[in-house]
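See below for the structure under consideration.
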Amino acid sequence: QQPVQSPQAVILREGEDAVINCSSSKALYSVHWYRQKHGEAPVFLMILLKGGEQKGHEKISASFNEKKQQSSLYLTASQLSYSGTYFCGTGLIQGAQKLVFGQGTRLTINP
Amino acid sequence: NAGVTQTPKFRILKIGQSMTLQCTQDMNHNYMYWYRQDPGMGLKLIYYSVGAGITDKGEVPNGYNVSRSTTEDFPLRLELAAPSQTSVYFCASSYSMAAGDNEQFFGPGTRLTVL
Chain R
7 QQPVQSPQAV
17 ILREGEDAVI
27 NCSSSKALYS
37 VHWYRQKHGE
47 APVFLMILLK
57 GGEQKGHEKI
67 SASFNEKKQQ
77 SSLYLTASQL
87 SYSGTYFCGT
97 GLIQGAQKLV
107 FGQGTRLTIN
117 P
Chain Z
126 NAGVTQTPKF
136 RILKIGQSMT
146 LQCTQDMNHN
156 YMYWYRQDPG
166 MGLKLIYYSV
176 GAGITDKGEV
186 PNGYNVSRST
196 TEDFPLRLEL
206 AAPSQTSVYF
216 CASSYSMAAG
226 DNEQFFGPGT
236 RLTVL
């Protein structure tokens with residue numbers, strides 16, 4: 007079943023913070039985050055695993071709440087380059103995973 | 126390394142025509158995937174392969190076929206194209222399918238319109 011992302015779209019000014027959520031009705035083992043700029047291919051950001059730690063690099067980090075079956079992506083002090091559509095992909099098992107992707111969250115950063 | 130390459134970039138088909146979307150990767154990945162992305166939507170898995178000669182269905186396989194004769198190539202075949210197959214098609218590959226080790230690398234996509 008497809009995970010649900012919220013919000014569907016968000017518009018920020020440069021320097022503001024954003025949080026994107028990804029929720030599933032099923033027990034998750036992993037959550038992947040990808041960013042896709044308009045007209046381009048999705049690009050991998052990070053993977054979070056059940057029982058793992060919060061991850062992040064530079065000003066983009068993510069957490070995984072196993073009790074809620076939810077992951078959140080945090081973008082702090084957003085830059086113009088952060089604009090794009092963010093997708094979460096969920097995996098249910100530890101072994102061979104076929105990811106199921108959410109519908110995406112469109113993030114627009116204005117100067 | 127070119128990564129994952131796809132051809133063509135754009136294609137317009139008439140209803141009932143057939144075509145093959147090509148995908149090649151040079152990272153020696155065993156795992157390859159085909160997704161479709163409809164406007165404003167997420168990615169839907171069509172087919173995937175765990176190695177040469179081995180393929181399996183994803184969420185939306187109807188109307189498509191795949192083959193995997195080499196590690197590098199994973200073509201997607203559309204038979205009897207229908208307007209519902211109008212979409213952007215992405216090929217991807219990964220080193221593994223195991224959780225935590227399955228970062229996927231995507232090709233640039235093929236934009237297909239069926240009229």
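Same order as they appear, the protein sequences are chains R and Z.
In this text, residue positions in the first sequence follow my numbering: the first is 7, and each later residue adds one.
In this text, residue positions in the second sequence follow my numbering: the first is 126, and each later residue adds one.
Cβ atoms here follow ideal geometry from the backbone N, Cα and C, with glycine treated the same way.
Note that the structure is a prediction, hence the values are computed from the model and not measured.
Do Thr96 (chain R) and Ser12 (chain R) count as a contact pair if the criterion is CB distance below 8 Å?
Numbered from its first residue, the first sequence carries residue 12 (chain R) at position 6. Numbered from its first residue, the first sequence carries residue 96 (chain R) at position 90. In this structure, the beta-carbon distance from Ser12 (chain R) to Thr96 (chain R) does not fall below 8 Å.
Cβ of Pro119 (chain R) within 8 Å of any chain Z Cβ:
Any property of residue 119 (chain R) remains undetermined from this structure, which presents chain R solely from 7 to 117.
So which residues of chain R does Pro183 (chain Z) contact, with C-beta pairs closer than 7 Å?
Locating residue 183 (chain Z) in the second sequence gives position 58, counting from the first residue. Here residue 183 (chain Z) is Gly; the residue named in the question, Pro, does not match the sequence. The answer, in chain order, is Lys104.
Are Gly225 (chain Z) and Leu55 (chain R) touching if we call contact CB-CB under 8 Å?
Taking the first residue of the second sequence as 1, we reach residue 225 (chain Z) at position 100. Taking the first residue of the first sequence as 1, we reach residue 55 (chain R) at position 49. In contact: Gly225 (chain Z) and Leu55 (chain R) (Cβ atoms closer than 8 Å).
Test item: CB-CB of Val49 (chain R) and Phe70 (chain R) under 8 Å
Here residue 49 (chain R) corresponds to residue number 43 of the first sequence, with the count starting at 1. Here residue 70 (chain R) corresponds to residue number 64 of the first sequence, with the count starting at 1. For Val49 (chain R) and Phe70 (chain R), no; Cβs fall outside 8 Å.
Residue-chain proximity (Gln75 (chain R), chain Z), Cβ-Cβ < 8 Å:
The sequence position of residue 75 (chain R) within the first sequence is 69, counting from 1. Contact with chain Z is absent for Gln75 (chain R), since none of that chain's Cβ atoms lies less than 8 Å from the residue's Cβ.
Measuring CB to CB, does Tyr189 (chain Z) end up less than 8 Å from Arg202 (chain Z)?
Stepping through the second sequence from its first residue, residue 189 (chain Z) is reached at position 64. Stepping through the second sequence from its first residue, residue 202 (chain Z) is reached at position 77. Arg202 (chain Z) is positioned such that its CB atom lies closer than 8 Å to that of Tyr189 (chain Z).
Alpha-carbon spacing of Gln14 (chain R) relative to Ala102 (chain R), whole angstroms:
Within the first sequence, numbered from 1, the residue matching residue 14 (chain R) stands at position 8. Within the first sequence, numbered from 1, the residue matching residue 102 (chain R) stands at position 96. Answer to the nearest angstrom: the Cα atoms are 29 Å apart.
Extent of the continuous beta strand (DSSP E) to which Phe70 (chain R) belongs:
For the purposes of this step, residue 70 (chain R) is identified with residue 64 of the first sequence, where counting begins at 1. For Phe70 (chain R), the enclosing beta strand (DSSP E) begins and ends at 66-71.
Extent of the continuous beta strand (DSSP E) run through Lys56 (chain R):
Numbered from 1 along the first sequence, position 50 holds the residue referred to as residue 56 (chain R). Neither: Lys56 (chain R) is in no beta strand (DSSP E) and is coded neither H nor E.
Answer with yes or no whether the minimum CB distance from Ile53 (chain R) to chain Z is below 8 Å.
Taking the first residue of the first sequence as 1, we reach residue 53 (chain R) at position 47. Interface residue, yes.
Can you pull the DSSP bridge partners for Phe93 (chain R)?
Within the first sequence, numbered from 1, the residue matching residue 93 (chain R) stands at position 87. Under DSSP, Phe93 (chain R) forms a beta bridge with R:Tyr40.
Can you look up Leu240 (chain Z) in the DSSP assignment and give me helix, strand or coil?
Counting from one through the second sequence, the residue named residue 240 (chain Z) turns up at place 115. Looking at Leu240 (chain Z) - three-state DSSP - the assignment turns out to be coil, as it is neither helix nor strand.
Could you give the distance in angstroms between the alpha-carbon of Thr91 (chain R) and the alpha-carbon of Tyr156 (chain Z)?
Locating residue 91 (chain R) in the first sequence gives position 85, counting from the first residue. Locating residue 156 (chain Z) in the second sequence gives position 31, counting from the first residue. Thr91 (chain R) and Tyr156 (chain Z) have their C-alpha atoms some 25 Å from each other.
Considering only the beta carbon of each residue, do Gly183 (chain Z) and Leu170 (chain Z) sit closer than 8 Å?
Counting from one through the second sequence, the residue named residue 183 (chain Z) turns up at place 58. Counting from one through the second sequence, the residue named residue 170 (chain Z) turns up at place 45. It is a contact, given that the beta carbons lie within the stated cut-off.
For a cutoff of 8 Å on Cβ pairs, would you count Leu201 (chain Z) as touching chain R?
Numbered from 1 along the second sequence, position 76 holds the residue referred to as residue 201 (chain Z). Not an interface residue.
Can you find the residues in the same chain that come closer than 6 Å, C-beta to C-beta, to Gly141 (chain Z), ignoring five residues on each side of it along the sequence?
Here residue 141 (chain Z) is taken as the residue at index 16 of the second sequence, counted from 1. The residues are Leu205.
State the start and end residues of the unbroken beta strand (DSSP E) segment that holds Leu18 (chain R).
If you number the first sequence from 1, residue 18 (chain R) lands on position 12. From DSSP, the beta strand (DSSP E) with Leu18 (chain R) extends over 15-19.
Considering Cα atoms alone, identify which of R:Lys65, R:Met52, R:Asn27 is closest to Glu228 (chain Z).
Translated into positions along the second sequence, residue 228 (chain Z) becomes position 103. Closest by alpha carbon: R:Met52.
Whole-number beta carbon distance between Pro117 (chain R) and Gly86 (chain R), since they are thought to touch under 8 Å:
As a working mapping, residue 86 (chain R) is identified with position 80 in the first sequence. As a working mapping, residue 117 (chain R) is identified with position 111 in the first sequence. Inspection of the sequence shows that residue 86 (chain R) is occupied by Leu rather than by Gly. 7 Å between Cβ atoms; contact.
Buried or exposed for Ser218 (chain Z), please, with buried defined as at least 16 other CB atoms from any protein chain shown within 10 angstroms of its CB.
As a first step, residue 218 (chain Z) is located in the second sequence; it is residue number 93 there, counting from the start. Within 10 angstroms of the beta-carbon of Ser218 (chain Z) lie 16 or more other beta-carbons, which makes it buried.
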